[in-house]
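**Q** Handing you a structure now.
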Amino acid sequence: MTVVNMKVTRQKLMQTAILNKVEREHLPLDTVRVRRSLESVREHVSRSPYFTDFLDRWERIVEDNDVETLRQIVESDDETGNEMRNLSPLHVLLTEDERMKVLDDLRDVVLK
């Protein structure tokens, strides 16, 4: 029996929705809102090198508008992918309705 970690599943679905929107609408990652979000994440997580390394990676992804690396993070099933999705500053690219749709999709996954 496979145990599904709800947080990991939610983050993966959320980042998938973000990636799909970025690709569909050709959205830039390097925006004022995303940079503010990244700053906020930095302020609220541990200053340990473990977390700062992930946040530095996010900063490079944002600066470079690196959609390919975003895709790799979304598709990753390892601990690094989980941590990167958890620390993502890109949630600001979704509207409230889009976030709610992801939560509805999560409910559908859980109820299956």
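Taking our numbering, the leading residue of the sequence shown gets 4, the next gets one more, and so forth. Idealized CB from N, CA, C, for every residue including glycine. As the structure is a prediction and not an experimental result, all values here were calculated from the model.
(1) If we ignore side chains and look at the alpha-carbon of each, how far apart do residue 55 and residue 79 end up?
(2) Hey, residue 94 and residue 40 are a contact pair by Cβ (cut 8 Å); roughly how many whole angstroms apart?
(3) What three-state label does DSSP hand residue 44 in the structure shown?
(4) Taking 7 Å as the cut-off, is the beta-carbon of residue 74 closer than that to any non-hydrogen atom of the ligand GDP?
(5) In whole angstroms, what separates the C-alpha of residue 53 from that of residue 99?
(6) Sorted by chain position, which residues of the same chain lie with C-beta nearer than 7 Å to residue 57's C-beta, five sequence neighbours on each side aside?
(7) Would the beta-carbon of residue 33 fall within 8 Å of that of residue 70?
**A** Walking through what the data contain:
(1) Taking the straight line from one Cα to the other gives about 20 Å.
(2) Cβ-Cβ separation between residue 94 and residue 40: approximately 7 Å, consistent with a contact (criterion under 8 Å).
(3) Note: residue 44 maps to helix in three-state DSSP.
(4) Judged by which ligands are present, the structure shown has none, so any question about the ligand GDP falls away.
(5) Annotation: residue 53 to residue 99 spans about 31 Å, alpha carbon to alpha carbon.
(6) Beyond the five residues adjoining it in sequence on each side, residue 57 comes within less than 7 Å, by CB distance, of 86, 87, 90 in the same chain, given in chain order.
(7) No, the pair does not count as a contact, with Cβ atoms beyond the cut-off.
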